[in-house]
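Student: Position 61 (the sequence shown) corresponds to 85 in our numbering; numbering is contiguous. Every residue, glycine too, gets a C-beta built ideally from N, C-alpha and C. Here the structure is a predicted model, which is why all the values come from computation and not from measurement.
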Amino acid sequence: MMQAFLYFDLSSDTSFHKPVVEQVRQRMPAVSVLDLDTRSDELVQHYALRLLRESEKAVVCMKADDSVTEFGSLMPLLEELFEEGKQRLVLLQGQHPRLQRIFAARPQVVFKVVGEEQVVGEVNRFLEV
């Protein structure tokens, strides 16, 4: 059973060092991990979409802040998250009213707003690894 953790950093202060991604990789080696940001190229986005489609269970964590206004290249990934019948958990790290409304309007998506310190625990619980 393939499980995935995708981390989308949509914030303005994107850094190379992503502690959450490193912690998931260390604690859950069986989980496929991919991190993207707003500058990720088409190949990485295609791989993320494929990973989402092929995973039995997937957790998508989005780090966002008020500076994010356009989702542009991430729209295909968001649309894939809205598909029914898939076991997906979406975590929003930070406050983003528009994203919160988008997910609140789709009851088929399990969605939580979390702090950075809660992400690994939520991933662990959902994927049961």
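(1) Please state whether DSSP places Arg112 in a helix, a strand or coil.
(2) Are Val55 and Val143 closer than 8 Å when you measure CB to CB?
(3) With distance defined between alpha-carbon atoms, name the residue in Ser64, Asp37, Ser36 nearest to Leu30.
(4) For Ser79, which of helix, strand or coil comes out of DSSP?
(5) Starting from Leu105, trace the alpha helix (DSSP H) both ways and give me its first and last residue.
Tutor: In this structure, then:
(1) For Arg112, the three-state secondary structure derived from DSSP is strand.
(2) Contact: no.
(3) Per the Cα distances, Ser64.
(4) In this structure, DSSP gives Ser79 a state outside helix and strand, which the three-state scheme calls coil.
(5) Start and end: 99-105.
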